[in-house]
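Below: one structure, written as structure tokens.
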Amino acid sequence: MSKAVSIGPTNKFSTQETIDLFEKYVVPNYRREPVNFVRGHGSEIWDDEGTRYLDFFPGWGCNLLGHCPPKVVQAVQQQVAQLIHVPNNWLIDLQGYWAKLLSDRSFGGQAFFCNSGAEANEAAIKLARLHHQGKRYKIITFLGGFHGRTLGALTATAQPQYHENLGPLVAGFRYAPLNDLQTTEELIDDETSAIMVEPIQGEGGVHLPKEGFLQGLRELANRHDLLLIFDEVQTGCGRLGEWFGYQHFGVEPDVITLAKSLCGGIVGGAMLAKSEIAKSLIPGMHATTFGGNPVAAAAGIATIQTIEEENLLARGRQISQRLEQKLTDLASRLPIIEEVRIAGLMVGIQLATSQHTLVAQCQQAGLLINCTQGNILRLLPALNLTDEQCDEGLNILEQVLIKAQEATTSV
2 MSKAVSIGPT NKFSTQETID LFEKYVVPNY RREPVNFVRG HGSEIWDDEG
52 TRYLDFFPGW GCNLLGHCPP KVVQAVQQQV AQLIHVPNNW LIDLQGYWAK
102 LLSDRSFGGQ AFFCNSGAEA NEAAIKLARL HHQGKRYKII TFLGGFHGRT
152 LGALTATAQP QYHENLGPLV AGFRYAPLND LQTTEELIDD ETSAIMVEPI
202 QGEGGVHLPK EGFLQGLREL ANRHDLLLIF DEVQTGCGRL GEWFGYQHFG
252 VEPDVITLAK SLCGGIVGGA MLAKSEIAKS LIPGMHATTF GGNPVAAAAG
302 IATIQTIEEE NLLARGRQIS QRLEQKLTDL ASRLPIIEEV RIAGLMVGIQ
352 LATSQHTLVA QCQQAGLLIN CTQGNILRLL PALNLTDEQC DEGLNILEQV
402 LIKAQEATTS V
């Protein structure tokens, strides 16, 4: 038996040692870059060799306050030293207060706490069925959407590539094209319980709803007695310059699901439902062991306090305008850019051809971004990104895109 290694602030493995550990002991279900990050602050992050990167996709959208936001760090440190975990069959005062803060900033509903966006969506799926007492079970979702990797959330995800070799899937999901109200209504029948939609499709390519589409879904839900569920795992908690994405579009759903940036980088998820609907989730029908634990609650509260005390909703809107201005100008000069789509701090840059290598080129130049759907560069920067960091990152991106444009032209 090998001797255990004591890990502390001064102990670390080299990048190659870490690669060796992963190859032998970790399931290879991710394509991992050979970079070992060890320290982060705001929109900057450093690897174990001291290389600094500017992060325009921090935590895949989880770090909306950047890396290691001070108030969240302090709250977690204090809470861990006092009480780490209490099961949900006991009262957790911080969880109750966290729920109040979210309710006060949304439509006044009640919260169910969990650990991820997929879990939050699973709770919403169950709530929709329970609300109709099991008599109506079908849910309409939209092509290109993404709702998670658990089997129910995966079935709600209307992207066939994620379903391969995983059938049979959960019964009851029907798929409509995004922005197509007519097809959506045609899919509604006496067994339909809900419509579930991302206000903006994130993983699907930062696709925004056409004017009137979300309003049309609200009208359909009202007319057919359906729940309208907004998957706000990416759009929630300030990403669009409002507390929640539905407020950005002026359409109030019955249920919203949250995760990613909810706890400032700490694991946490939540479902918020209007009180008259939430009561359908009675004791024994749904639960989670770690959801809403004291550490997550402390982090969630600190996240809200940071956003308000530092006026970050307004700051996010300012950065959004800066990004839009500079990227629109760049698109006018580079034909390789087909379209720029921006709402708040969700940015999609659609390219004329598949350009997966651009992510690696940006990384080599010191900028971290994402590519989705093969040809859409995705940025989810932090609310507290500085003007200087914004310009630095866009300058790197511009140089990489210019080279890609030149390579395309020379072919």
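Using the working numbering, the letters of the sequence shown map in sequence onto residues 2 to 412.
All C-beta atoms in this analysis are idealised placements derived from N, C-alpha and C, irrespective of residue type, glycine included.
Problem set entry | Span separating the alpha-carbon of Gly-149 from that of Pro-210 | Rounded to the nearest angstrom, the two C-alpha atoms are 20 Å apart.
For this session: List the DSSP bridge partners of Trp-47.
Result: In the DSSP assignment, the residues bridged to Trp-47 are Arg-40 and Arg-53.
For this session: Could you tell me the distance, in whole angstroms, from the CA atom of Ala-366 to the CA atom of Val-401?
Result: The C-alpha of Ala-366 lies about 9 Å from the C-alpha of Val-401.
Exercise. Using the rule of at least 16 other Cβ atoms within 10 Å of the residue's Cβ for burial, across every protein chain shown, is Tyr-54 buried or exposed?
Worked result: Residue burial annotation: Tyr-54 is buried, with at least 16 other C-beta atoms found within 10 angstroms of its C-beta.
For this session: Report, in whole angstroms, the separation of the C-beta atoms of Gly-292 and Cys-115, which I expect to be a contact under 8 Å.
Result: With 8 Å as the limit, Gly-292 and Cys-115 qualify as a contact, their Cβ atoms being about 4 Å apart.
Exercise. Does the distance from the C-beta atom of Arg-240 to that of Leu-346 stay below 8 Å?
Worked result: Yes, these two residues count as a Cβ contact at 8 Å.
For this session: Taking Ala-177 as part of the beta strand (DSSP E), name the residues at either end of that continuous run.
Result: Following the DSSP letters along the chain, one finds Ala-177 inside the beta strand (DSSP E) bounded by residues 174-177.
Exercise. If you check the beta carbons only, do Ala-154 and Ala-119 fall under 8 Å apart?
Worked result: Contact: yes.
Exercise. Taking the alpha-carbon positions, what's the Thr-289 to Lys-404 distance?
Worked result: Thr-289 and Lys-404: Cα-Cα distance of roughly 49 Å.
For this session: Note down the Cα distance separating Ile-397 from His-287, rounded to an integer number of angstroms.
Result: Cα to Cα, Ile-397 sits roughly 47 Å from His-287.
Exercise. Which residues mark the beginning and the end of the beta strand (DSSP E) in which Ser-276 is found?
Worked result: Element bounds for Ser-276: not the beta strand (DSSP E) but the alpha helix (DSSP H), 276-279.
Problem set entry | Residue range of the unbroken alpha helix (DSSP H) whose run includes Ala-115 | It should be pointed out that residue 115 corresponds to Cys in this sequence rather than to Ala. No alpha helix (DSSP H) contains Cys-115, which is instead part of the beta strand (DSSP E) from 111-115.
For this session: Grab the span of the beta strand (DSSP E) containing Leu-229 for me, first residue to last.
Result: DSSP places Leu-229 inside the beta strand (DSSP E), whose first and last residues are 228-232.
Exercise. Assuming Ile-123 and Thr-156 make a contact with CB atoms under 8 Å, what is their CB distance in whole Å?
Worked result: Going by the sequence as given, residue 123 is Glu instead of Ile. In this structure Glu-123 does not touch Thr-156 by the C-beta definition: roughly 11 Å separates them, more than the 8 Å allowed.
Exercise. Which residue from Leu-314, Asp-94, Glu-24 and Asn-90 puts its Cα closest to that of Ala-297?
Worked result: In terms of CA proximity to Ala-297, Asp-94 leads the group Leu-314, Asp-94, Glu-24 and Asn-90.
Exercise. Roughly how many angstroms separate the alpha carbons of Thr-142 and Glu-50, rounded to a whole number?
Worked result: The alpha-carbon atoms of Thr-142 and Glu-50 are separated by roughly 45 Å.
Problem set entry | Helix, strand or coil at Glu-399 [DSSP, three-state] | Three-state result, Glu-399: helix.
For this session: Write down the C-beta distance between Gly-145 and Gln-160 rounded to the nearest angstrom, noting that I regard them as a contact closer than 8 Å.
Result: Contact between Gly-145 and Gln-160 holds, since their C-beta atoms are separated by about 7 Å, short of 8 Å.
For this session: Within the same chain, show all residues whose beta-carbon is closer than 8 Å to that of Leu-263, passing over the 5 residues directly before and after it, in chain order.
Result: Excluding its 5 nearest sequence neighbours in each direction, Leu-263 has C-beta neighbours in its own chain below 8 Å: Gly-237, Cys-238, Gly-269, Gly-270, Ala-271, Gly-301 and Thr-304, listed in chain order.
Problem set entry | Beta-bridge partners of Tyr-139, as assigned by DSSP | Residue 139 is actually Lys in this sequence, not Tyr. Thr-193, per the DSSP bridge assignment.
Problem set entry | Rounded distance between the beta-carbons of His-133 and Ser-194, thought under 8 Å | The Cβ separation is near 5 Å, so the contact holds.
Exercise. Going by DSSP, which residues form a beta bridge with Met-272?
Worked result: Its beta-bridge partners are Phe-113 and Thr-258.
Exercise. Whose C-beta lies closer than 8 Å to the C-beta of Val-39 among residues of the same chain, with five residues either side of it excluded?
Worked result: Closer than 8 Å at the Cβ level, and outside the excluded window around Val-39, lie Lys-13, Trp-47, Asp-48 and Asp-49.
Problem set entry | Three-way DSSP call (helix, strand, coil) for Gln-183 in this model | In the structure shown, Gln-183 sits in a helix (DSSP, three-state: H, G or I).
Problem set entry | Three-state secondary structure assigned by DSSP to Val-252 | The three-state secondary structure of Val-252, taken from DSSP, is coil.
For this session: In the DSSP assignment, find the beta strand (DSSP E) that holds Thr-358 and state where it starts and stops.
Result: Here Thr-358 belongs to no beta strand (DSSP E); instead the alpha helix (DSSP H) covers 358-365.
Problem set entry | Beta-carbon contacts of Ile-201 that lie in its chain and below 8 Å, excluding the five residues immediately before and after | So the qualifying residues of the chain are Val-207, His-208, Leu-209, Pro-210, Gln-235, Thr-236, Leu-241, Gly-246, Ala-344 and Met-347.
For this session: Identify, in the order they occur along the chain, each residue of the same chain with its Cβ nearer than 6 Å to the Cβ of Phe-113, setting aside the five sequence neighbours on each side.
Result: So the list reads Ala-124 and Met-272, once near-sequence residues are dropped.
For this session: Please classify Ser-44: is it buried, with 16 or more other beta-carbons within 10 angstroms of its beta-carbon, or exposed?
Result: The residue in question, Ser-44, is buried, as its Cβ has 16 or more Cβ neighbours within 10 Å.
Exercise. Between which two residues does the beta strand (DSSP E) carrying Ile-351 extend?
Worked result: The identity of residue 351 in the sequence shown is Gln, whereas the question assumes Ile. Its beta strand (DSSP E) spans residues 347-352.
For this session: Would you mind giving the Cβ-Cβ distance between Ile-418 and Leu-324, rounded to the nearest angstrom? I have them listed as a contact below 8 Å.
Result: Because residue 418 is not part of the residues shown, which for the chain are 2 to 412, the question remains open.
Problem set entry | Every unbroken beta strand (DSSP E) within the segment 52-93, with a cutoff of 3 residues, ordered by chain | Counting only runs that start and end inside the segment 52-93, the beta strand (DSSP E) elements of at least 3 residues fall at 53-56.
Exercise. With 16 as the cutoff for other CB atoms within 10 Å, does Thr-56 come out buried or exposed?
Worked result: According to the sequence as given, residue 56 is Asp; it is not Thr. With 16 or more other CB atoms across the displayed protein chains lying within 10 angstroms of its CB, Asp-56 is buried.
For this session: For Gly-375, count neighbouring Cβ atoms within 10 angstroms of its own Cβ and tell me buried if that reaches 16, exposed if not.
Result: Exposed is the call here.
Exercise. So what's Gln-202 in DSSP terms, helix, strand or just coil?
Worked result: The DSSP-derived three-state label of Gln-202 is strand.
Exercise. Which term fits Glu-204, buried or exposed, when burial requires 16 or more other beta carbons within 10 angstroms of its beta carbon?
Worked result: Counting Cβ neighbours within 10 Å, Glu-204 comes out buried, since at least 16 surround it.
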